[in-house]
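Below is one structure, written out as structure tokens; comments come after it.
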Amino acid sequence: MIAPLTVIRSQRGLTLLELVIALTILSVLASAILPVAETSVKRSKELELRRALRTIRTAIDEYKADYEEAVRQKKINKSIGETGYPEELEELVEGENWGGLYDYRRKYLRRIPKDPFDRYDEGWG
16 MIAPLTVIRS QRGLTLLELV IALTILSVLA SAILPVAETS VKRSKELELR RALRTIRTAI
76 DEYKADYEEA VRQKKINKSI GETGYPEELE ELVEGENWGG LYDYRRKYLR RIPKDPFDRY
136 DEGWG
């Protein structure tokens, strides 16, 4: 006796319909996860930016305090219109002697922190 065709045929592999359904489910899940991933990347860049700005702000404050101390001790003369803040961020890296306030050139930053949102590497400002 010959067995019917449905019994002989083995059930290996997936049908086209099953593949389409699986791909549809995966694409829906991927489209839901993508905005969450983008938000996560943006938040991490914001945290990095906050850290960089805090580092720069601290260096500027120390620079200003040393300027005021050098003026107070009469190591340097304060010019009219001079604020005591650095004109460029590079001054924080290069350092300042303050007319002998220190025995060395005091540096306030090792390097200028990178702006995480600056895609074209243009620097701050």
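Residue numbers for the sequence shown, in the working numbering: 16 to 140. Where a beta carbon is used, it is the ideal one built from N, C-alpha and C, also for glycine. Being a predicted model, the structure only gives us computed values, none of them experimental.
Query	Result
Pair within 9 Å by beta-carbon distance, residue 121 and residue 81	yes
Nearest candidate by alpha-carbon position, reference residue 110, set 48, 50, 37, 127	127
Three-state secondary structure assigned by DSSP to residue 121	strand
Residue 111 - partner residues in DSSP beta bridges	121
Distance CB(residue 71)-CB(residue 107) smaller than 9 Å	yes
Sufficient close CB pairs (3 or more, under 8 Å) joining the segment 73–87 to the segment 55–62	no
Nearest residue (CA-CA) to residue 105, options 75, 114, 97, 118	75
Residue from 51, 66, 39, 97 whose Cα sits closest to the Cα of residue 130	66
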